[in-house]
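Peer 1: Read top to bottom, the protein sequences are chains A and B.
All the letters of the first sequence, read from the start, carry residue numbers 1294 to 1583 under our numbering.
All the letters of the second sequence, read from the start, carry residue numbers 27 to 299 under our numbering.
Here a beta-carbon is modelled for each residue, glycine too, at the ideal position from N, C-alpha and C.
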Amino acid sequence: MKAGQRRSPGAYTGIPSWIYVVAAAGGLLVVLPLAAMVAKVNWAQFIPLVTSESSLTALGLSLRTSAASTLLCIVLGVPLALVLARGSFPGQRLLRSFVLLPLVLPPVVGGIALLYTFGRQGLLGRSLEVLGIQIAFSTAAVVLAQTFVALPFLVVSLEGTLRTAGGRYEAVAATLGARPGTVLRRVTLPLVLPGLASGAVLSFARSLGEFGATLTFAGSLQGVTRTLPLEIYLQRETDADAAVALSLVLVAVAVTVVAVSYRGPRRPPAGPFGSERRTTAVPARDRSVQ
Amino acid sequence: MTFRRLRIAALLAASTLLAAAVSGCAPGPSGNPAASGTPQRSGTLTVFAAASLKATFTRLAAEFENRNPGTTVTLSFAGSSDLATQISQGAPADVFASADTRNMARLSDAALIHGQAVNFATNVLEIAVPAGNPASISSFADLARPGVKVVVCASQVPCGAAAESAEREAGTVLKPVSEESSVADVLGKVVSGEADAGLVYATDVKGARGKVEGIPFPEAGKAVTTYPIAALEGSRNKELAAAFISLVAGSDGQKTLADAGFGAPPAEVRPSQ
Chain A
1294 MKAGQRRSPG AYTGIPSWIY VVAAAGGLLV VLPLAAMVAK VNWAQFIPLV
1344 TSESSLTALG LSLRTSAAST LLCIVLGVPL ALVLARGSFP GQRLLRSFVL
1394 LPLVLPPVVG GIALLYTFGR QGLLGRSLEV LGIQIAFSTA AVVLAQTFVA
1444 LPFLVVSLEG TLRTAGGRYE AVAATLGARP GTVLRRVTLP LVLPGLASGA
1494 VLSFARSLGE FGATLTFAGS LQGVTRTLPL EIYLQRETDA DAAVALSLVL
1544 VAVAVTVVAV SYRGPRRPPA GPFGSERRTT AVPARDRSVQ
Chain B
27 MTFRRLRIAA LLAASTLLAA AVSGCAPGPS GNPAASGTPQ RSGTLTVFAA
77 ASLKATFTRL AAEFENRNPG TTVTLSFAGS SDLATQISQG APADVFASAD
127 TRNMARLSDA ALIHGQAVNF ATNVLEIAVP AGNPASISSF ADLARPGVKV
177 VVCASQVPCG AAAESAEREA GTVLKPVSEE SSVADVLGKV VSGEADAGLV
227 YATDVKGARG KVEGIPFPEA GKAVTTYPIA ALEGSRNKEL AAAFISLVAG
277 SDGQKTLADA GFGAPPAEVR PSQ
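Here is the structure:
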């Protein structure tokens, strides 16, 4: 918390001027390649390229699967974040480490792991096949792959918000006779809604960009499993213009999503890491109490 | 004990040194087409080769280094179109070996090829099935049976184009469950048992060493893939590049390629060695 208190608005920052130069270089590293790609766009052909049947199908599939994955992330991620932030049980730290693992795993590793779980010969896949459920090569496989990589974004984001919000309001509600279910519904969730929203948006963005796990686990078939990143990867083989045009579409969607998530209500909710969030997301009156 | 071990280690080290010294001083093996004439070659050669050439070119590169002490061959394997794009964007390569003539033509049109490309191998499609052939596939027509999960390459990549012409030739319309962007992805789906069958190259079946079974089919003969190799205009060691190409196109290279399941190049453009 100390670091947060030092960063009150209008305070002396003390950043040496050369830091700005290096920071500018860092910014350029991200912006310059994007600018170079925009410069490569064949504008005359842009509309036909991005509205071709295969492109629209891929974009539609990407949006649908990402929405489904985000929903699944919320359903599974909110309880996980609650358990991690509020609960107390042996192996909690271990659980947190495992939940965060997809953040740092190469997506292709995630794909291989999913394959050996839900694939035909996999751990669960064999039983599922007996039940008549086949996941491999289906849109469900895409959603699973996306959820796998996107879940940590929601969990980390929400856990940070939960910790920042503290448990005092909940304690008060409980002393007034509210049952745990009521507290969760009426106090906790409304309190952390901004964090949940930004976590969901980040999960959506991550799902939209998912490539490696999908390619390894779900395959690539137009309208079924070929999402926009896979379509770009394939178009690049024959039609560089189409690949660039589609990349720009994906960049535009991503920029919109990030812009939406950072334009939080009143305060900018920080990135996916809870520790950063603590410094900004606490309402001022709460900070004085702490 | 430790003392004895040390002595053995020292002995081993000494003999290795001796062997290295002897082979370093000795002239290259006789009857070596690549090294004859100019025995003193040196430098680093960067070879960009199609992913399907990984096993053979790794072996041939080691052979090249053995025959030409002082040279180092650096290999980069990827999809042919990826490599062609990298080269046209200025990647420092000396030799390019493509899995199709189209990507070689792309570089040739852009004047990035030094001299003439040489066709050095061919490859045909085979049906790959998981070990045990669970779906009992025996012909190309079997792939169209309902319920059979077939994986092919997308038509944008060479193996997919070959699969399409095989389909036309057989008059069978496939309903693949996935159209992958590389033949390695197709093979992976078959090896893992996710797919009942996949269309891959004969060399992929051989390279999978028993993890998949290969079923040749006659229609594949109409969709033969030709592999060209060429030195690049941007190469700083064109003589070394030419020597490597001679090794690949020469009898030793051809034997290594044939062992891996590649077919002989089309006769009319075969280089006079």
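Are the C-beta atoms of T111/B and some chain A residue less than 9 Å apart?
Peer 2: With 9 Å as the cut-off, T111/B counts as an interface residue toward chain A.
Peer 1: Among T251/B, A110/B, A189/B and E265/B, which residue has its Cα nearest to the Cα of V176/B?
Peer 2: Nearest C-alpha to V176/B: A189/B.
Peer 1: Helix, strand or coil: how does DSSP classify Q1427/A here?
Peer 2: Three-state result, Q1427/A: coil.
Peer 1: DSSP three-state label for L138/B, please.
Peer 2: Three-state DSSP puts L138/B in coil, outside helix and strand.
Peer 1: Between T282/B, F90/B and G289/B, which lies nearest to A81/B when the distance is taken from Cα to Cα?
Peer 2: The shortest Cα separation from A81/B among T282/B, F90/B and G289/B belongs to T282/B.
Peer 1: In the region 160-185 of chain B, which residues sit with their C-beta less than 8 Å from some C-beta in chain A, listed in chain order?
Peer 2: Those would be K175, V177, A180, Q182 and V183, in chain order.
Peer 1: Quick check: the region 198-206 of chain B against the region 169-183 of chain B, are at least 3 beta-carbon pairs closer than 8 Å?
Peer 2: In short, these stretches touch, since the Cβ pair count reaches three.
Peer 1: Can you tell me whether S164/B is buried or exposed, with buried defined as 16 or more other CB within 10 angstroms of its CB?
Peer 2: Label assigned to S164/B: exposed.
Peer 1: Do G173/B and E239/B come within 9 Å of each other at the CB atom, strictly closer than that value?
Peer 2: Cβ atoms of E239/B and G173/B: not closer than 9 Å.
Peer 1: If you run the structure through DSSP and keep just helix, strand and coil, what is G1353/A?
Peer 2: Reduced to three states, the DSSP call for G1353/A is helix.
Peer 1: Using a Cβ cut-off of 7 Å, pull out every chain D residue sitting near F1441/A, in sequence order please.
Peer 2: No chain D appears in this structure, whose protein chains are A and B.
Peer 1: Within its chain, find whatever has a CB closer than 8 Å to the CB of S1554/A; leave out the 5 residues flanking it on each side and keep chain order.
Peer 2: Excluding residues within five positions, the ones whose Cβ falls inside 8 Å are A1490, S1491, V1494, L1495, A1498 and P1562.
Peer 1: Can you find a C-beta in chain B that's less than 9 Å from the C-beta of G1412/A?
Peer 2: Yes - at least one Cβ of chain B is within 9 Å of the one on G1412/A.
Peer 1: Based on the DSSP secondary-structure assignment, which residues constitute the bridge partners of Y227/B?
Peer 2: According to DSSP, Y227/B bridges with L151/B.
Peer 1: I'd like to know if V274/B contacts chain A, where contact means its C-beta is closer than 9 Å to some C-beta of that chain.
Peer 2: Judged by the 9 Å Cβ criterion, V274/B is not in contact with chain A.
Peer 1: Is the beta carbon of L133/B closer than 9 Å to that of S114/B?
Peer 2: Their beta carbons are under 9 Å apart, which means S114/B touches L133/B by this criterion.
Peer 1: Should V1397/A be labelled buried (16 or more other beta-carbon atoms within 10 Å of its own) or exposed?
Peer 2: So V1397/A counts as exposed.
Peer 1: With burial defined as no fewer than 16 other Cβ atoms inside 10 Å of the residue's Cβ, what is the status of E265/B: buried or exposed?
Peer 2: Under this definition E265/B is an exposed residue.
Peer 1: In whole angstroms, what separates the C-alpha of T1306/A from that of I1312/A?
Peer 2: Approximately 12 Å between the Cα atoms of the pair.
Peer 1: So, at 7 Å on beta carbons, what are the nonlocal neighbours of A268/B in its own chain, with the 5 sequence-adjacent residues on each side left out?
Peer 2: So the qualifying residues of the chain are A257.
Peer 1: Report the rounded CA-to-CA distance for A221/B versus V1485/A, giving the unit in angstroms.
Peer 2: One C-alpha to the other measures close to 45 Å.
Peer 1: Could you pull the DSSP bridge partners for E11/B from this structure?
Peer 2: Outside the shown range of chain B (27 to 299) lies residue 11/B, about which nothing can therefore be said.
Peer 1: Counting pairs of Cβ atoms below 8 Å between the region 1453-1471 of chain A and the region 1358-1368 of chain A, do you hit three or more?
Peer 2: In short, these stretches do not touch, since the Cβ pair count stays below three.
Peer 1: Rounded to whole angstroms, what is the Cα-Cα separation between A196/B and A223/B?
Peer 2: Roughly 17 Å between the two C-alpha positions.
Peer 1: Expressed to the nearest angstrom, what Euclidean distance is found between the alpha-carbon atoms of R1571/A and L86/B?
Peer 2: Interpretation of R1571/A is limited by its pLDDT of 43, a score under 50 that renders its predicted location unreliable; the figure taken from the coordinates is listed afterwards. If I take the Cα positions, the gap works out to 59 Å.
Peer 1: From which residue to which residue does the alpha helix (DSSP H) around G342/B run?
Peer 2: Residue coverage of chain B in this structure runs from 27 to 299, which leaves residue 342/B outside it and unanswerable.
Peer 1: In terms of DSSP beta bridges, what is G69/B paired with?
Peer 2: Per DSSP, T97/B.
Peer 1: Does L1543/A pass the burial test, meaning 16 or more other C-beta atoms within 10 Å, or should it be called exposed?
Peer 2: It counts as buried.
Peer 1: Name the chain B residues whose beta carbon is nearer than 8 Å to that of T1518/A?
Peer 2: Chain B residues near T1518/A: S204.
Peer 1: Taking three-plus beta-carbon pairs below 8 Å as touching, is the region 226-245 of chain B in contact with the region 1447-1466 of chain A?
Peer 2: Cβ pair count under 8 Å is below three, so no.
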